[in-house]
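Read through the structure below, which is laid out as structure tokens, and then see the notes.
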Amino acid sequence: MSFTKILVCMVLLTSPLVLASSSLNLSQNLNAIHSLPLSPEQVQQPYPHVTVKTLRSADQLITEFDKNNYQLGRVEDSNKLPAYFIENLPSDLNALPVSQKTSGFIRLLMPTIKAVNDRILLIRDELSRLSAKPASQWSEAEKLWVQTLSDSYAIKSGDIAELLLHIDIIPAGMVLAQGIDESGWGTSHFAIAANNLYGEHLPHDGGKYLTTPDGHVKVAAFSDLYQSTASYMHNLNTTRAYKELRLLRQQLRAQKNLTGYELVQSLLHYSTRGQAYVDNLRALIKRHHLDDFDQSKLSANDTIRYRFTDDGNG
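The sequence shown lines up with residues -20 to -1, 1 to 294 when you count with mature numbering (1 follows the signal peptide of the UniProt record, and there is no 0).
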């Protein structure tokens, strides 16, 4: 039974003399629960509540970027990233000139990557705050929150140091490189039809999926690019196969050298291509300067949501 349901039952079973007090405590506990950040893959509505602009082609997206002066060089110089969230992919990125396709894909995905990583950093900050006081002083909501995170990241101990090892960002350069490689710059069938940019198979606990033409492989399907990116990061942060990644990330963070170029060396098991896969990711990061945007901050001054309509994707 969930913590919320337990609290509700406690209120219902309490005598009328203390019902008002219990209701107040329930409200306080529920508010406390809601004030603690959810893990990105658990967020159901990740986008800001603003009007969605619908588009029908990749060319229209590039026109929007140009109209709003959203250029990679400007982001690199200012470290300010506009909060332009693209929910899904157009079907015609390949119709663009190569330079527009490459810069367009990076621009359309980068705010989403930053939003997922920012939420992970919020969780890390909250865990660090809790670590500064004994667990006996945690509120019931805080205890539940830590337990929920432990369950989500398959950590039995509930130890905050262990949680911090698992709950950490994936550098933008690495995310972009893997998205580029796995989705063919956002042009693969599964990227367009299922928002699956990172080659994730259907997890053991099920979910939405598409199948390969022969029906032998089930590929995870996502509602939007945020969910796809959050699931990919959660996979790296949870699965045993990426234990070396998490240990290397901890070491790189301590050295203040946490970059995509350095971290991808731990991805030998992500692809059957092994070292060739790692070498290709590093080449992408270097050639397209994908590590240059790690210090960029999302700017909430001008938030836009874009969605490609079905006839634009079909």
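Ideal placement from N, C-alpha and C gives every residue a C-beta, glycine not left out.
Give me the Cα-Cα distance between residue 101 and residue 275, rounded to the nearest whole angstrom.
Roughly 13 Å separates the two Cα atoms.
Is residue 135 helix, strand or coil when you go by DSSP?
Residue 135 falls in the coil class under three-state DSSP.
Under three-state DSSP, which class holds residue 62?
It is a strand residue.
Can you tell me the Cβ-Cβ gap for residue 96 and residue 209, rounded? I've got them flagged as a contact below 8 Å.
About 5 Å; that satisfies the 8 Å criterion.
Taking the alpha-carbon positions, what's the residue 256 to residue 167 distance?
When rounded, the distance between both Cα atoms is 22 Å.
What do you get for residue 148, buried or exposed, if any count of 16 or more other CB atoms within 10 angstroms of its CB means buried?
Looking at its Cβ environment, which holds 16 or more other Cβ atoms inside 10 Å, residue 148 is buried.
With DSSP run on the structure shown, which of helix, strand or coil describes residue 83?
DSSP places residue 83 in helix when its eight states are reduced to three.
So, is residue 214 buried or exposed, given that buried needs 16 or more other C-beta atoms within 10 angstroms?
With 16 or more other Cβ atoms within 10 Å, it is buried.
Per DSSP, what kind of secondary structure is residue 147 in: helix, strand or coil?
Three-state DSSP puts residue 147 in coil, outside helix and strand.
Whose C-beta lies closer than 6 Å to the C-beta of residue 130 among residues of the same chain, with five residues either side of it excluded?
Counting only Cβ-Cβ distances below 6 Å, and skipping sequence neighbours, we find 138.
Whole angstroms is fine: what's the gap from residue 65's alpha carbon to residue 169's?
Those two C-alpha atoms are separated by around 21 Å.
Can you tell me which of 68, 272, 45 and 86 puts its alpha carbon nearest to the alpha carbon of residue 161?
With distances taken between Cα atoms, residue 161 lies closest to 86.
Measure from the alpha carbon of residue 239 to the alpha carbon of each residue in 260, 270 and 220, then state which is nearest.
Of the candidates 260, 270 and 220, the one whose C-alpha sits nearest the C-alpha of residue 239 is 270.
I need the DSSP call for residue 288, collapsed to helix, strand or coil.
In the structure shown, residue 288 sits in a strand (DSSP, three-state: E or B).
How far does the alpha helix (DSSP H) with residue 225 in it extend, from its first residue to its last?
Note, residue 225: alpha helix (DSSP H), 223 to 234.
On the DSSP letters alone, give me the boundaries of the alpha helix (DSSP H) that residue 155 sits inside.
Unbroken alpha helix (DSSP H) run through residue 155: 152 to 163.
Within 10 angstroms of its Cβ, does residue 227 collect 16 or more other Cβ (buried), or is it exposed?
Classification for residue 227: exposed.
Taking residue 75 as part of the beta strand (DSSP E), name the residues at either end of that continuous run.
Looking at the DSSP string, residue 75 is not in any beta strand (DSSP E), and its letter there is neither H nor E.
Is it buried or exposed for residue 68, if we count other Cβ within 10 angstroms and need 16 for buried?
Residue 68 is buried by the Cβ-count criterion.
Mind reading off the beta-carbon distance from residue 237 to residue 202? Whole number of angstroms is fine, and I expect it under 8 Å.
Contact flag wrong, Cβ pair sits at about 31 Å.
Classify residue 77: buried if its beta carbon has 16 or more other beta carbons within 10 angstroms, exposed otherwise.
Flag for residue 77 reads exposed.
Write down the C-beta distance between residue 283 and residue 28 rounded to the nearest angstrom, noting that I regard them as a contact closer than 8 Å.
About 5 Å; that satisfies the 8 Å criterion.
Check residue 275 in the structure and name its three-state DSSP category.
Of the three classes helix, strand and coil, the one that applies to residue 275 here is coil, per DSSP.
Taking only three categories from DSSP, how would you classify residue 283?
In this structure, residue 283 counts as strand in the three-state DSSP scheme.
State buried or exposed for residue 224, treating a residue as buried only when at least 16 other CB atoms are found within 10 Å of its CB.
Exposed, because fewer than 16 other Cβ atoms sit within 10 Å of the Cβ of residue 224.
In terms of residue numbering, what span does the beta strand (DSSP E) encompassing residue 34 cover?
Unbroken beta strand (DSSP E) run through residue 34: 32 to 35.
Would a C-beta distance cut-off of 8 Å place residue 41 and residue 88 closer than the cut-off?
Yes. Within cutoff.
So, at 7 Å on beta carbons, what are the nonlocal neighbours of residue 277 in its own chain, with the 5 sequence-adjacent residues on each side left out?
Closer than 7 Å at the Cβ level, and outside the excluded window around residue 277, lie 59, 60 and 61.
For residue 155 versus residue 93, is the C-beta distance shorter than 8 Å?
A contact, by the Cβ cut-off of 8 Å.
Using beta-carbon positions only, say whether residue 248 and residue 229 come within less than 8 Å of one another.
It is not a contact, given that the beta carbons lie outside the stated cut-off.
Under 8 Å, do residue 104 and residue 73 count as touching if we go by C-beta distance?
No, they are not a contact pair.
Would residue 36 and residue 288 qualify as a contact pair, given that the criterion is a beta-carbon distance under 8 Å?
Yes, these two residues count as a Cβ contact at 8 Å.
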